[in-house]
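Colleague: Here you go, one structure.
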Amino acid sequence: MPELPEVETTVLDLKNIIGLSINKIKIYRNNIRYPIPKKITTLTKNTSILSIIRIGKYIVIKLNISYSIIIHLGMSGRLKMHYIKDSIIREKHDHAEIFLNNDKKIVFNDPRRFGILDFIKTSSINGYKYFSNQGPDPFDKKFNEKYLFNSISKSKTPIKNILLNQKIVSGIGNIYASEILFDSKISPLLKGMDITKEQNNRLAKSIKRILIIAIKNKGTSFKDHFLIDGTLGNYQNRFKVYNKDGKYIRIGKKRAKIVKIVQSGRSTFYCPYLQRI
DNA sequence: AGACGTACCTGACCGC
DNA sequence: TGCGGTCAGGTACGTC
C-alpha cells in the first residue's frame, strides 16, 4: 500500500494522538528489515508525543525526550489503532505495539517485513542515514518546474524510473508513477534527457495533482485494509492505467489500448497512443 | 558517477 | 489437494 498518499493518510489519521502519552512499547519481532533498537522499549515509557510528520514515505513521531520514532511501511506494512480491551488476539505479523494513555494502542503490522521501525535522536534527524536519500517532497517549495528539469534533463534513465528515484522527488512509488505519466501524457520510456520543457512542466503539475487527488481519496487499498481504523482507501477506483492492461479507453474518437511493460523489473502501465515518445 | 541487477520476505494466485 | 512458478505498493547495496 504505502506510497506518499497512503503514508500521508496514515499521518493525518495519527494527528489526533499528538499530546498523548506512551505508556509502553512492546516489540514482538525484532528481525524485520533492520533490528529494532532495544532502547525503544525502555526510553519511551511515559513519554509524550510532540508531533508527527512525514518525510517521503517515512513517518517521524517526535517525543518529548529528544528521541523520535521512525516508521517506514515498506511494501506491505500498515498501522492499526484500536482499543486495548478489544484486542485480545494478536494478528499474524503484528510486530510491535505502542500503548497510549487513552486506552488505545497503535499496532505495526507488516507481513513481508520490508518495513522499518527505528528510534533515533531527534537532533540527528537531518543526518539520519535513510533520509540522506530523500529528495524534496512534491509539495515542498523546492520542488518546482525548474528544479525538476535541472534534475532530469541530463539523465539517460527512462522517466518512469526517474520518478521512482526518491532522491529526485520523494514519495512516488510504482502505482502513482504510472498514473502520473498517464496524466501528463508522457511515455514512461522517454529518457530524462529527451524531455521537453513543456512536458517537464506538465509532469511537475501532474505529480502534484495526482498525489493530491489520491490523498483526498485516502490513498489506494489493494486487497487489504490500510486506514488506521481498518477501512479502505478509494483511489484504486480511480486508476486510469495501473493494473488495466488489455483494457481500452476513449481518447477523442479513438479507442486506445492500455499495455503493461516491465522497466527495471517493475510493471509499468500506459497508453502508447496517448503517451507517445 | 551513473546504471543496473539482486536480495530481503510472505502470501495470493495460476496452471498442471 | 498439492506443488512449483510468478508476482506484489520499497529500497539498500554490490557490481560493472
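Going letter by letter, the first sequence gives residues 20 to 296 in our numbering. Glycine included, C-beta positions come from ideal geometry on N, C-alpha and C.
When you compare the CB positions of S142 and S67, do they come within less than 8 Å of one another, or not?
Modeller: Cβ distance not < 8 Å, so S142 and S67 don't count as in contact.
Colleague: For the alpha helix (DSSP H) containing Y166, name the first residue and the last one.
Modeller: Run containing Y166: E164 to I171, per the alpha helix (DSSP H) assignment.
Colleague: Who are the Cβ neighbours of N42 in its own chain at under 6 Å, not counting the five residues just before and after it?
Modeller: Excluding residues within five positions, the ones whose Cβ falls inside 6 Å are F118 and N120.
Colleague: Any idea if V79 is buried or exposed, counting beta-carbon neighbours within 10 angstroms, 16 or more meaning buried?
Modeller: Buried: at least 16 other Cβ atoms inside 10 Å.
Colleague: For the candidate residues Y77, K165, I51 and K186, whose alpha-carbon lies nearest to that of Q153?
Modeller: Nearest of Y77, K165, I51 and K186 to Q153, Cα basis: K186.
Colleague: Just mark D137 as buried or exposed, buried being the case when its beta carbon has 16 or more other beta carbons within 10 Å.
Modeller: By the neighbour-count rule (16 or more Cβ atoms within 10 Å), D137 is buried.
Colleague: Starting from the C-beta of S87, find all residues in its chain whose C-beta is less than 8 Å away, skip the five residues before and the five after it, and write them out in chain order.
Modeller: Excluding positions up to five away in sequence, the list reads V79, I80, K81, F138, I139, K140, T141 and I144.
Colleague: Does DSSP put N128 in a helix, a strand or coil?
Modeller: If DSSP states are grouped into helix, strand and coil, N128 belongs with the strands.
Colleague: I need the straight-line Cα distance from P21 to Q255, nearest angstrom please.
Modeller: Straight-line Cα distance between these residues: approximately 13 Å.
Colleague: Looking at the structure shown, is K123 part of a helix, part of a strand, or coil, going by DSSP?
Modeller: Three-state result, K123: strand.
Colleague: Considering Q218, what are the terminal residues of the alpha helix (DSSP H) in which it resides?
Modeller: Q218 -> alpha helix (DSSP H) spans K216 to K235.
Colleague: Taking 8 Å as the cut-off, does the segment 191-210 touch the segment 221-240 (at least 3 CB pairs, one atom from each stretch)?
Modeller: Cβ pair count under 8 Å is three or more, so yes.
Colleague: Give the single residue among I205, F127, R131 and E217 whose Cα lies nearest to the Cα of K165.
Modeller: When each option's Cα is compared against that of K165, the closest is E217.
Colleague: Please report the Cβ distance between P291 and V278, rounded to the nearest whole angstrom; I am assuming they are in contact, meaning their Cβ atoms lie under 8 Å.
Modeller: Yes, P291 and V278 are in contact; Cβ-Cβ is about 6 Å, under 8 Å.
Colleague: Pick helix, strand or coil for E27, following the three-state DSSP scheme.
Modeller: E27 falls in the helix class under three-state DSSP.
Colleague: Closest by CA to P253, which one among I55, K210, G93 and G238?
Modeller: Sequence check: residue 253 is Asn here, not Pro. For N253, the nearest C-alpha among the options comes from G238.
Colleague: Can you tell me which of the three DSSP states I89 falls into?
Modeller: I89: strand per DSSP, three-state reduction.
Colleague: Measure the alpha-carbon distance for M100 versus N50 and round it to whole angstroms.
Modeller: Computed Cα separation, rounded: 22 Å.
Colleague: Any idea what DSSP makes of T66, helix, strand or coil?
Modeller: Strand, per DSSP.
Colleague: Does DSSP put F138 in a helix, in a strand, or in coil?
Modeller: F138 falls in the strand class under three-state DSSP.
Colleague: Check the DSSP bridge columns for R52 and list the partner residues they point to.
Modeller: Per DSSP, none; premise fails for R52.
Colleague: Quick one: grab the DSSP three-state call for K273.
Modeller: Strand, per DSSP.
Colleague: Note down, in chain order, each residue of its chain lying with its Cβ closer than 6 Å to the Cβ of Y47, except the 5 sequence neighbours on either side.
Modeller: Closer than 6 Å at Cβ, skipping near neighbours: H114.
Colleague: Could you tell me the distance, in whole angstroms, from the CA atom of N219 to the CA atom of G146?
Modeller: About 31 Å.
Colleague: Mapping DSSP to helix, strand and coil, what is N42?
Modeller: Strand.
Colleague: Between the segment 175-185 and the segment 208-216, do three or more beta carbon pairs fall short of 8 Å?
Modeller: Because the criterion of three Cβ pairs below 8 Å is met, the segment 175-185 and the segment 208-216 touch.
Colleague: Give the DSSP-derived three-state secondary structure of E110 in the structure shown.
Modeller: Note: E110 maps to coil in three-state DSSP.
Colleague: For G38, which residues from the same chain have a beta carbon less than 8 Å from its beta carbon, with the 5 sequence-adjacent residues on both sides left out?
Modeller: Same-chain partners within the cutoff: S67 and I68.
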